Amino acid sequence: MNLVLRLSSALLAAAVVHAASLSIQNPQFKITAPDASQLRSESLSLAEKPEALSLGPSDVLKLTFQVVESEERKGVQPHQTFLRFYDEATGEEGVQPVRVTPGGKAKFELNMARPPTSLPPTTSDPLKVSLILGSSTHSPVQYELFDLYVPASQPPPAHPDEVAFAPRPEITHTFRPEQRIPAKAVSAFFALFVFWPWIVLLGFWFEIGPRVPHLFSPHILPFTASLAAFEILLFWYWVDLHLGQILLYGGILAVPTALAGKQALAKTSEWRLGRK
Amino acid sequence: MAPKTAPSSGTSNSFQSLLKSYIETTSSRLKLIDVFLLFLMLSGIIQFAYCILVTNFPFNAFLAGFGSCVGQFVLTASLRSQVNPANRAEFKDVSPERAFADFALGSIVLHFFVYNFLG
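Sequence order for the protein chains is Z and G. Residue numbering for the first sequence follows this note's numbering, beginning at 1 and increasing consecutively. Residue numbering for the second sequence follows this note's numbering, beginning at 277 and increasing consecutively.
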C-alpha cells in the first residue's frame, strides 16, 4: 500500500516535471456568406484580439487550429476542448465541445442559419469567444480568441418558477382606516336627543298614575328587590366583572329570586282571584 | 274644496274616535305597558336614525342599544298580549303572573346579552 502510494506520487511528480504546456498553432477563421463568397479570412494572433467578428443571419464561421505541445510543436489531442461563448452584459454563456483529431487538428463551424443549441441567447452585445483546453497530462490553457457579433436572438424564455427564486416585493400590511368619529356637538346632541322618549314615558306614566298598593308589602318587596339586584349585578358585570363571575353570582342570585318570585306571584294571583 | 276637506276631517274624526275609545276602554295597566312600548319604539328609532345618518362607529354599542330596544319591545308586547283580559280565551293556561315571570326572566337574559355587547 505504502509502496503503491509512493510509486504513484513519484509518477505524478515525473508527470508534472514532464508536463509541457499546450498551445495552438495556425488558428484561422473564415467567414463565408450564404452564396459561398468569402467575407473575411484571417489568422488569429493569440497575443492580441482581432477586430470583432460579425456574422449575418446566414453567414458561416469556420475556425481551424491545431493543438500542439508548446516545445516540440507536435500535435496532441487534449482530453477536453471547448469553445466558450460568453455574453458579459447578460451573463449568459454557452459551451460547445470541439472535435480534435489525434493529430491535434480541430475544425469548428458555426452556421448562423442553423445555430447550435449551445449558443447562448444573444442581444446586440458581442459574445466573447474563448478556447479552453484541458488535459490530464498537460496544464490547462484558456485563450481569448475574439469578440463575435451575431444577430440578436429571441430573449431567453423566463422559467415559470423564476419569480419564486427572486426577492419578492416587501410585504406591507394595510390596515383599515381609522373610524371616523363624528363631531362632538353632533354626538352630544344625539346623546341628549335619545333621552326625550324618557320624558314621554314619565309624562304619560304620571298622567296614568298607576297604583302600586302592594309594592312595599313583605310578599312583593323581596321579588322586586331581587329583580333590581339582578339589574345591578348586570351593570356591575358591564363595569368590572368577568363572565365566570357573573355566571356564578347570577346563579346564586337566581335561587332567592325564583323563590321570592314564586311567593310574590302566588300572592298576587290570590289577590286577583279574591278581588274577582 | 269641500270633497277634499271631507275625507281629511273624516280621517281625523276616526282617529280621534279611535284615540277616545282607546283612552276610555283600555285599563290603566295596559296603558302603562303601551306607554312603555311607545318609549321603546321612539328610543329604537332615534338610535337607528343616528346609525344611518351620522355614524355606526361604536357598532357594538349600536347593536346593544338597538337590540335592547327591539328585544324589550318584543318581550313587553308578548306580556301585554298575555295579560290583556280581551285575550283571556287565547291564553287560558297562562295566568298574568306566569306571563310576568316569563317577562322578568326574558328581560334578565336579554339584559345579560345587551351588556355583553355593550363592550
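Heads up, the beta-carbon is just placed ideally off N, CA and C, and yes, glycines get one too. Remember, it's a predicted structure, so these values are computed and weren't measured experimentally.
Phe85 of chain Z has Z:Gly94, Z:Val129 as its beta-bridge partners, per DSSP. Annotated as distal: Phe85 of chain Z and Pro97 of chain Z, with beta-carbon spacing of 8 Å or more.
Of all residues in the region 220-242 of chain Z, those with a C-beta nearer than 8 Å to a C-beta of chain G are Leu227, Phe230, Glu231, Leu234, Phe235, Tyr237, Trp238, reading in chain order. When Z:Phe165, Z:Gln245, Z:Pro197, Z:Ser124 are compared, the shortest CA-CA separation from Gln154 of chain Z is found for Z:Ser124. When DSSP states are grouped into helix, strand and coil, Asp310 of chain G belongs to the helix group. Chain G has a Cβ within less than 8 Å of the Cβ of Val194 of chain Z. Around the CB of Thr174 of chain Z, fewer than 16 other CB atoms lie within 10 Å, so the residue is classed as exposed. No Cβ of chain Z is located within less than 8 Å of the beta carbon of Arg356 of chain G. A direct Cα-to-Cα measurement between Gly251 of chain Z and Leu233 of chain Z gives close to 11 Å.
A straight line joining the alpha-carbon of Val141 of chain Z with that of Ser21 of chain Z spans about 8 Å. Between Leu265 of chain Z and Ala377 of chain G, the gap from beta carbon to beta carbon is short of 8 Å.
A buried status is given to Ile246 of chain Z, since no fewer than 16 other beta-carbon atoms sit within 10 Å of its beta-carbon. For Thr117 of chain Z, there is no enclosing beta strand (DSSP E), as DSSP marks it with neither H nor E. DSSP lists no bridge partner for Asn26 of chain Z. According to the DSSP secondary-structure assignment, Ser41 of chain Z is paired through a beta bridge with Z:Lys30.
In this structure, Trp236 of chain Z lies away from Leu394 of chain G, with their beta-carbon atoms at least 8 Å apart. Cβ neighbours of Leu221 of chain Z within its own chain (closer than 8 Å, five residues either side excluded): Leu215.
Of all alpha-carbon atoms in G:Leu294, G:Gly341, G:Ile322, G:Lys296, the one lying nearest the alpha-carbon of Leu386 of chain G is that of G:Gly341.
The Cβ atoms of Tyr143 of chain Z and Ser135 of chain Z do not sit closer than 8 Å to each other.
Note on the region 43-69 of chain Z: whole beta strand (DSSP E) runs with a minimum of 3 residues are 60-69, in chain order. Ranking G:Arg356, G:Ala365, G:Leu339 by CA distance to the CA of Leu308 of chain G puts G:Arg356 first. Contact check for Lys105 of chain Z against Gln80 of chain Z fails: the beta carbons are separated by 8 Å or more. Around the C-beta of Ile31 of chain Z, 16 or more other C-beta atoms lie within 10 Å, and the residue is accordingly described as buried. With fewer than 16 other beta carbons inside 10 angstroms of its own, Glu72 of chain Z counts as exposed. Straight-line spacing of the CA atoms in Pro156 of chain Z and Met112 of chain Z works out to 17 Å.
For Phe206 of chain Z, no Cβ of chain G is located within less than 8 Å of the residue's own Cβ. At a cut-off of 8 Å between beta-carbon atoms, Pro177 of chain Z makes no contact with chain G. For Pro210 of chain Z, at least one C-beta of chain G is nearer than 8 Å to its own C-beta. Taking each of Z:Ser70, Z:Leu55, Z:Asp35, Z:Pro27 in turn and checking the Cα distance to Lys49 of chain Z, the smallest one comes out for Z:Pro27. Residue range 105-111 is occupied by the beta strand (DSSP E) that includes Phe108 of chain Z.
Annotation: Lys62 of chain Z to Arg99 of chain Z spans about 13 Å, alpha carbon to alpha carbon. Distance check between Gln25 of chain Z and each of Z:Leu253, Z:His159, Z:Gly209, Z:Leu145 places Z:Leu145 closest, using alpha-carbon atoms only. For the C-beta of Arg180 of chain Z, the chain G residues within less than 8 Å are, from N- to C-terminus, Thr331, Phe333.
About 19 Å separates the CB atoms of Leu148 of chain Z and Leu133 of chain Z; that is not less than 8 Å, and the two are not in contact. Within chain G, the residues placing a beta-carbon under 7 Å from that of Val186 of chain Z are Val330, ordered along the chain. Beyond the five residues adjoining it in sequence on each side, Pro57 of chain Z comes within less than 7 Å, by CB distance, of Met112, Pro151 in the same chain, given in chain order.
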